[in-house]
Amino acid sequence: MQKNSYKNVLYFITLVILVTLNIQVYWNFKNYEASKQQLINDVQISLDNAVDQYYTELAERNAIRFSSDSSNIKDFFKKSSFSRFLKKIDSGDVNFKSYTFSDDSVHSDIRIFRSFSADSINFRDVHMHHNLDSSGTSKFSSPINHVQNNDSRKKIFEELTSKIIISINEDSLKLEVLDTILRNQLKRKQLNINYGVTFLDQKGTSFNLRDTIINQSELKTKTKSSYLPRGSSLELSFMNTTRMILKKNLFGIMLSFLLVSAVIGCLLYLLNIINRQKQLAELKNDLISNITHEFKTPIATISAALEGIQNFNRENDPEKTKKYVEMSSNQLGKLNTMVEKILETATMDSEELELNLEELNLVHLIQTISNRYQASVSEKKIKFHSTKSTIRKKVDAFHFENAINNIVDNAIKYGGNTIEVYLKNMNSHIILEIKDNGTSLNKSQKDKIFEKFYRVPKGNTHDVKGFGIGLFYTKTIIEKHGGTIELFLNQEVTNFKITLPNG
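Its first residue numbered 12, the sequence shown is counted upward by one per residue in our numbering.
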């Protein structure tokens, strides 16, 4: 994949993720605002209903009904005595059982009923006759016979030919009573909120219920009830709205979160696949370049040897012929080794590789490897240390030896001048450490060093020749033996640590 194409895909995926996030955030915000407005509306309706119910019940309690069989009842309400009666009611200074009219009007058989509700079982009957006594004074006498049930009450008023009802309102508002009604209204709508109430009367005097909540409230709403006295206002302040709204929208939020997570997860997975394909393409090109370079040298050497035999050995000198043949044979051996490594790497990816386990003395095996490399590389110092003279373990001799060879070979190529090999027999496991004082690796390459085809980069070139399959092969073989291999780096030492189960 071309570099520009990969960047374009990366930019596009990033843009899609950002757009998806913004859309979901905007959608959730609008949903939150709509739910908040709906909550305010529900609280508004509950408050209006509570105020309406409060004043309706108040009107029923304060209603006074005047009834008479005569048609001149309206004249009775024009008298000054009746005006004084209303003023006393307004001031609360009325005793219905003993109230006396002192004017000289004559109106007989006028009945007064207080707190009447024809459909209510809570009918309070204060029945009084307005009659003239011997001195000409009008009086309300004691209650007459009580009516025992609603049907009888209705019948009485159906018989009345004339009646006038007066409802006496109050300018003040009892917040405690309203609070009880409001809680019931909120409960009907399943609204669990903490609230405070502020009532401002016609004189501008403020009455508060729960000042703390009012001062800390998040939202406010005013009643629109027509029952509220003109010139006054009633405001409700409430809290804990955010939690309630989020709880109400929990399903939508979770659905949005899952959708965003799924989209982002798929896009990131796609990006990871694309990135992996990009790396594999780079590794493929790098491998082809390395194989071409590695194969070119022995092929050129063999071609030169054959040309020498053909063109520069006319006298058929056996020694010269032998020299050219040995040179060609060595280069063919190198070619064969490289081909085998590539084939072995292909085998590592399958489950077909089977180990031929046999019990060996690891001390003898590791020491033999160390001595062989020491003999071939005189400028390096290779030291072998073992805690015991014999440490036996079932391993595949061929693959295990090749795995150790790769580590030692890398230490010679990349490491310092001193290589130390430690073999330790612990109670439950065997530890093999190969250390050198080289510093060619850094911590950023630590996790990639065991990947297939990975080679330590240096600009656009590489430090040494190779295919980058040696340590991948080693790791695979060690793991198939049930062990692990780790790389530890510090400023002066590179340490490959192999741990194998004992037994």
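Just so it is clear, CB atoms sit at the ideal spot from N, CA and C, and this is done for glycine as well.
Here the structure is a predicted model, which means the values were calculated and not measured.
Reference residue i; option with closest CA among the options
i: residue 375; options: 237, 504, 432; result: 432
i: residue 257; options: 501, 507, 42; result: 42
i: residue 264; options: 40, 509, 188, 496; result: 40
i: residue 461; options: 490, 271, 247; result: 490
i: residue 31; options: 276, 67, 212, 184; result: 276
i: residue 350; options: 380, 255, 305; result: 305
i: residue 213; options: 17, 239, 190, 205; result: 239
i: residue 464; options: 297, 446, 271; result: 297
i: residue 414; options: 399, 499, 198, 507; result: 507
i: residue 229; options: 273, 71, 501, 247; result: 247
i: residue 217; options: 192, 244, 191, 200; result: 244
i: residue 29; options: 189, 271, 261; result: 271
i: residue 384; options: 366, 288, 291, 412; result: 412
i: residue 495; options: 480, 448, 441, 268; result: 441
i: residue 195; options: 278, 329, 65; result: 65
i: residue 35; options: 380, 274, 423, 418; result: 274
i: residue 364; options: 45, 38, 410; result: 410
i: residue 516; options: 436, 484, 443, 497; result: This structure gives no information on residue 516, because the portion of the chain shown stretches from 12 to 514.
Coil, strand or helix - residue i by DSSP
i: residue 254; result: helix
i: residue 439; result: coil
i: residue 195; result: helix
i: residue 406; result: strand
i: residue 375; result: helix
i: residue 22; result: helix
i: residue 512; result: strand
i: residue 425; result: helix
i: residue 503; result: coil
i: residue 395; result: strand
i: residue 189; result: helix
i: residue 202; result: coil
i: residue 330; result: helix
i: residue 446; result: strand
i: residue 390; result: coil
i: residue 37; result: helix
i: residue 465; result: coil
i: residue 381; result: helix
i: residue 66; result: helix
i: residue 433; result: strand
i: residue 343; result: helix
i: residue 71; result: helix
i: residue 337; result: helix
Residue i burial status per 10 Å Cβ neighbour count (16 or more: buried)
i: residue 314; result: exposed
i: residue 396; result: exposed
i: residue 27; result: exposed
i: residue 50; result: buried
i: residue 505; result: buried
i: residue 316; result: buried
i: residue 486; result: buried
i: residue 421; result: buried
i: residue 445; result: buried
i: residue 193; result: buried
i: residue 339; result: buried
i: residue 209; result: buried
i: residue 108; result: Residue confidence for residue 108 is low, a pLDDT of 48 falling below 50, so the modelled location carries little weight; the figure read from the coordinates is stated next. Under this definition residue 108 is an exposed residue.
i: residue 329; result: exposed
i: residue 466; result: buried
i: residue 188; result: exposed
i: residue 207; result: buried
Extent of the continuous beta strand (DSSP E) run through residue i
i: residue 208; result: 206 to 211
i: residue 246; result: 244 to 249
i: residue 453; result: Segment: none, residue 453 is in no beta strand (DSSP E) and carries neither H nor E.
i: residue 495; result: 495 to 500
i: residue 219; result: 217 to 220
i: residue 232; result: 230 to 233
Boundaries (first-last residue) of the alpha helix (DSSP H) holding residue i
i: residue 306; result: 261 to 322
i: residue 491; result: 481 to 491
i: residue 460; result: Element bounds for residue 460: n/a, residue is neither H nor E.
The ligand HEM heavy atom lying under 6 Å from the CB of residue i
i: residue 298; result: Among the components modelled here there is no ligand, and therefore nothing to report on the ligand HEM.
Next item on the list: Determine contact between the stretch 371 to 388 and the stretch 401 to 412, defined as no fewer than three beta-carbon pairs at a distance below 8 Å.
Entry: yes
Check: So, do the stretch 52 to 59 and the stretch 224 to 236 have three or more beta carbon pairs nearer to each other than 8 Å?
Finding: yes
Notebook entry, point to check: Looking at C-beta atoms only, is the number of pairs between the stretch 423 to 430 and the stretch 379 to 398 that lie closer than 8 Å three or more?
Noted result: yes
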